[in-house]
Structure formats: C-alpha cells, structure tokens
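Working notes, beginning with the structure itself.
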Amino acid sequence: MSDGPRRYYTTPIYYASGEPHLGHAYTTILTDVLARFDRQDGREVLFLTGTDEHGQKIQDEANKRGVAPIELCDTMAERFAGAWERLGISHDRFIRTTEAEHKAVVTAFLQRLWDRDQIYEGTYSGWYCVSDERYWTEKDVGDDRTCQVCGKPVVHVEEKNYFFRMSAYQAALVEHIEHNPDWIVPDIRRNEILGFLRQPLGDLSISRPKSRVSWGIDLPFDSGHVAYVWVDALINYLTASGAIVPEAPPGEQGFEETSGSWWPADMHVIGKDILTTHAVYWPTLLMGVGLAVPRRILAHGWWVVGDTKMSKSLGNVVDPLALRDDFGTDAVRWYLMREMPTGGDASYTPERFLTRYDELSNVLGNLASRATSMIVKYRDGAVPHAAGSGLAGAIGQTLETVRDSMARWRIHDALGAAMDLARTANGYVEERQPWAQAKDPAGGDDLDETLATLARCLCVLCALFQPVTPSKMDELAARLGLDGVPRLDESTGIPLAGRRVSIGDPLFPRVEPAWAARSES
Ligand code: ME8
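43 is the number that numbering that gives the first Met the number 0 gives to position 44 of the sequence shown; each next residue is one higher, with no gaps.
This is the structure:
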C-alpha cells in the first residue's frame, strides 16, 4: 500500500454468465468501504470493478440461452452495474473486457511477452473445468474427475497452446513474498501460496485454439488462437490504470515507465477461490513484461450456506437485492461487513442478519433518536454551548482502535469498535439521566454538557459509520445540522454549539418481512 495521497483499489471482474449474488456483493462492498474510508481520510482513490466477458463459460452460457455472447454480456454488465448502484457502490470505473481499450492493452501485453521471448508453442494434454476456466492435473481431479473448486465434472482436452515461461519467475516470486510479509493478507493465504510454491512451478498456458473457444481476444502472433480468459481478465487491472498506451511505438507504450498512471494497484481485493491466479499467474506475467507487481492482495473468505460455498453453479445463492428491498442498502452493507471477520469464512443465516440489523436499530439508531429528541425537547433544537467532552476518552480510544484495525484490514473489528462507542454513549445517557437533569432547577449546566457530549459523539459516529452506511450517515449529518458527513480527523473538533438539530423517522426502523418473523420468547 502506498502511503501517498492516491490509492488504487480493484475488485475481481465478475463473470458475465450469472446474476450478482451475496458473495459478489461482499467483495464489492468491502472494496467500497476501503475506498470510502480512504477518501474520507483525504486520499484520492481509483476504485475499479467490472465484468469478465470472454471465454468458454460465457460462450457456452450464451449458446444455452440462444443469444450472441455479446448480447449476454451487455445484459449482465447492466445487471452488475445496476446492482452496484443499488448497493451504494462508489466505483470510479466499470470495466468490460469486451471494450476496445482493453482488447488493445491485452494485445500489446501479449505482443510484449512474445517480443521478449517469454512465450513458446507446445501441446497441452489434461483436464479442464469450464465453470472455473482452469486446467487441472490428474492428481487435482481425483478418481471422480471433478473440479477442485466447484466439484463439477471436468473434460479432457489435448490441444496446441502457447505457454508463458512462468516457471522462470518462481524464485523471484518466492523472494518477493518472503520480503513483503503483508503482500498477501491474511497470513493463512500467504502461507498457502508459499506452500504451493514449494512445488516446482509449471509454465502457464495462455491461449485456446479457436476451434474450441472463439469468444476471446486474438493472439497478435497467431490468429488461430485466442488469449486464455484468465490472462485477458487479469490485464483489466492494467487497462484501467492507464499505464499502457497501446498505440504508442514500442518503447513508449508504458511498459518501462509507469509514473503518472495508477499502476501499480494498491490493493486487489479478491475471494480466496482466485488466489493462485492473482498471487502467482498475475505477478509472474507482470514480471514477464517488466512491470511492477501490485502492492497488496487481500483474499477474503467465503459466504457459506450450511457447509457449502454460496455459488451460482451450486444453486444456493442469496440475492442481496432482495434483502436490500426489505431492509435498505445500508443494512445489507453493515451485515456483510460486520458479520464476516475479514479474511475468514462466514455463514449466511436470516437470524444473524436480523441480529445485526437489531444492533443498527437498537444501538446506533436509538442513540441518534434519543439524543436529537432531547436536544429538541430541552434546548429548542440548538446544540448547547458547553465543552461536550464527557466521552472524549472513549472517542479517542475508539478512533485509535478503528485506525489500527483498518490499517490491518480488519474491517469487522473497526466496525465493532464504532458500534461499541454508540453502546457506551447509550450507557452515558443512562448514567447522566438528562430527563432528571432537566427537572433539576440547578441542573442546567449539567444538562448542557450531557447534550453537547451526545452531539459530539454522534458527529464522530457519523464519520465512523459513513464508509459502511453512507446514505444513513448523510441523513444523520443533516439531522445534526452539519453540512455533510465530516472527515474523520475533523469530526472531533468541528464546532457544534448552536447548530440546529432536527428529529426525523427512525434511521433504522423495525422491519418485519414474512421470512423474518421473530419467535416470541
Ligand atoms: O472468478 N463468498 O469471477 P466470479 C464470498 N471472473 N465471495 C464470493 C463468493 C462467496 N460464496 N462467491 C463469489 C471470477 N465470491 C473471475 C475473476 S478477476 C481478474 C477474474 C466473490 O464471477 C469473490 O470475490 O466467479 C470471488 O473471488 C469472486 O466473487 C468470483 O467471481
């Protein structure tokens, strides 16, 4: 991660063969939270997401539906973009691998590898999983000949392929990982890759004969083959960075000089299912063309249902948009970020969703509602002129914990600490009993201090929750009479005395969709 003023974040680009589900939403919201947190901290951010539109999987799905591949991609790209809009994603660029700009960068990249003698022609004989677009060895597929990742049957292929000399970079990659302990986060994933790299690394097939897959980008040095979809897809991160200028003469295309562009990416956020492609194929390909590797890879865990990974091919997906229709965008974001320990797995259950929603409603929502109501009731809606320092210690400690957790990409801990501050503030209300202070003729100053403290705390909470619940925090900022959600570093000092506070509907109202019928106990 650069310490500089700019950060470039990416999500995987999702296959345009199926609808967005909760797993895709998780990665994208996680990246969004990181991007928003950095923007709020004053950094300039490039946040990239998009769709992966080539390869056999897309070709087969389009055939199944009886449409042209590009029609399927147009439909699905719109579906993903629409889902991200409805889930409050603040990406700066939505890339599609069928875009002319991307095709030109892939072509330049492959030509560059070819010119540097990094590619040779050979024959591939082995197993292939269409669903994951991956080759597997005899050992990988076992006796039942199924894919290691999705469990679907694999097919045997024997074909002419072009290979990238990936094995030549094994030692350099191991050295890079050993010298950069935080390059792959969390540690368990780093160790997994180091373990994988203890075996000899083979070369990488980077092409498919058109006789089998025609839906792809032509190899510049053999038009009878298209680029392997994973190579095509990984290069999207480079396309969007602006580092490569394909039409420039060789030597000026940007492969040597990347200053001024967004490359290298500060963080690729991915799921653990695609760790090898990102932590082995991608950096070695970059070494092959002479470019810097990304600064960090964050590989999160899986949302599971029961014991099984949630996935389209397994048919057990939860629709994030349906949840959002019932509870609102911010509730879905909060649940996903708070429930899954960043890097680990988590199980989706409606009960846990409700428990997390109750936290928003009963702790944060309740605090906002009682604090604003009391300022309106007892002080005619104006934040009193008082120090408001009653919770300064707790606020200071929370900010420290949040910053520390975010710096270690433990988003769930950062959010837990923010919610704990709201809990502490509710405790402060109980302890101070402002309703009693209001009745006490000598309690005026104490009441002012209580209310000013609560206003300060809400102001800080507004900044802390903004990356995860942005639209509700816009509402809260408006109710506190602020011009907008304050920056985190300004939230402790921004003047509040005299601001006009207003009361509104509950921020997180009680919701009872049929599936969420709560048992009375
Ligand atoms: O792999 N839990 O696309 P994809 C958590 N096109 N995250 C999940 C998940 C789950 N159950 N299921 C999916 C591809 N994801 C390639 C990527 S990148 C150059 C090319 C998320 O549509 C997670 O981020 O299969 C995972 O890595 C990604 O969706 C896979 O999406």
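Glycine included, C-beta positions come from ideal geometry on N, C-alpha and C.
Those residues which DSSP pairs with residue i across a bridge
i              : result
histidine 299  : Gly270
histidine 224  : Pro208
serine 124     : Glu157
valine 304     : Thr307
arginine 499   : Ala381
leucine 172    : Beta-bridge pairing links leucine 172 to no other residue.
tryptophan 262 : According to DSSP, tryptophan 262 bridges with nothing at all.
arginine 133   : Cys128
leucine 218    : Asp221
Reduced DSSP category for residue i - H, G, I as helix; E, B as strand; rest coil
i                 : result
arginine 95       : strand
asparagine 160    : strand
isoleucine 183    : strand
histidine 155     : strand
valine 428        : helix
serine 213        : coil
isoleucine 192    : helix
serine 520        : Its pLDDT being 42, under 50, serine 520 is placed unreliably by the model, and the measurement read from it follows with that caveat. If DSSP states are grouped into helix, strand and coil, serine 520 belongs with coil.
arginine 6        : strand
alanine 119       : Per the sequence shown, the amino acid found at residue 119 is tyrosine instead of alanine. Here tyrosine 119 sits in strand by DSSP.
methionine 103    : The identity of residue 103 in the sequence shown is alanine, whereas the question assumes methionine. Correct three-state label for alanine 103: helix.
alanine 545       : For residue 545 there is no data in the structure shown, the boundaries of the chain being 0 and 520.
threonine 145     : strand
phenylalanine 507 : coil
leucine 86        : coil
leucine 322       : helix
arginine 294      : coil
proline 566       : A question about residue 566 goes unanswered here, because the residues of the chain that appear run from 0 up to 520.
leucine 200       : coil
proline 11        : strand
tryptophan 514    : helix
asparagine 315    : coil
glycine 252       : For the record, residue 252 in the displayed sequence is glutamine; it is not glycine. Coil at glutamine 252, not helix or strand.
glycine 443       : helix
methionine 165    : helix
valine 244        : coil
glycine 289       : coil
proline 340       : coil
glycine 364       : helix
glycine 81        : helix
Cβ distance (whole Å) where residue i is taken to contact residue j below 8 Å
i              : j                 : result
isoleucine 216 : threonine 106     : 7 Å
alanine 586    : proline 19        : What is shown of the chain runs 0 to 520, which leaves residue 586 out entirely.
tyrosine 227   : serine 206        : 6 Å
aspartate 51   : threonine 96      : 6 Å
glycine 87     : arginine 332      : 7 Å
alanine 291    : proline 263       : 4 Å
tryptophan 135 : cysteine 149      : With a Cβ gap of about 11 Å, tryptophan 135 and cysteine 149 do not count as contacting.
leucine 506    : alanine 413       : So it is not a contact: roughly 20 Å between Cβ atoms.
valine 288     : phenylalanine 108 : 6 Å
leucine 200    : serine 166        : 5 Å
methionine 336 : alanine 345       : The pair is not a contact, with the Cβ atoms about 11 Å apart (cut-off 8 Å).
The ligand FMN heavy atom lying under 7 Å from the CB of residue i
i          : result
serine 310 : Although the ligand FMN was asked about, the structure shown includes only the ligand ME8 as ligands.
Of all the alpha helix (DSSP H) runs that stay within the bounds of the stretch 13-78, which reach a length of 4 or more residues? Entirely contained in the stretch 13-78, the alpha helix (DSSP H) runs reaching 4 residues are, in chain order, 21-39, 55-64.
Pair every Cβ in the stretch 377-384 with every Cβ in the stretch 494-509, then say whether three or more of these pairs are closer than 8 Å. The stretch 377-384 makes contact with the stretch 494-509, as at least three CB pairs between them are under 8 Å.
Could you tell me whether the stretch 270-280 touches the stretch 191-208, using the rule of 3 or more Cβ pairs below 8 Å? yes
Jot down the residue ranges of each uninterrupted alpha helix (DSSP H) in the stretch 368-422, minimum 4 residues, whole runs only, in chain order. Qualifying alpha helix (DSSP H) stretches, in chain order: 391-406.
Considering only residues of the stretch 445-497, which uninterrupted alpha helix (DSSP H) runs meet the minimum length of 4 residues and lie entirely inside it, listed in chain order? 469-478
Does the stretch 46-61 come close enough to the stretch 216-235 to have 3 or more Cβ pairs within less than 8 Å? yes
Cβ contact (3+ pairs, closer than 8 Å) linking the stretch 291-298 and the stretch 323-332: These segments do not touch.
For the stretch 262-270 against the stretch 311-321, are there 3 or more C-beta pairs whose distance is under 8 Å? Contact between the stretch 262-270 and the stretch 311-321 is absent, because fewer than three Cβ pairs lie under 8 Å.
Do three or more CB pairs link the stretch 111-125 to the stretch 34-42 at distances below 8 Å? These segments do not touch.
Within 8 Å, do at least three Cβ pairs link the stretch 457-466 to the stretch 481-488? yes
Can we say the stretch 408-422 touches the stretch 355-362, given the rule of at least three CB pairs closer than 8 Å? yes
When the Cβ atoms of the stretch 152-161 are set against those of the stretch 123-142, are three or more pairs found closer than 8 Å? yes
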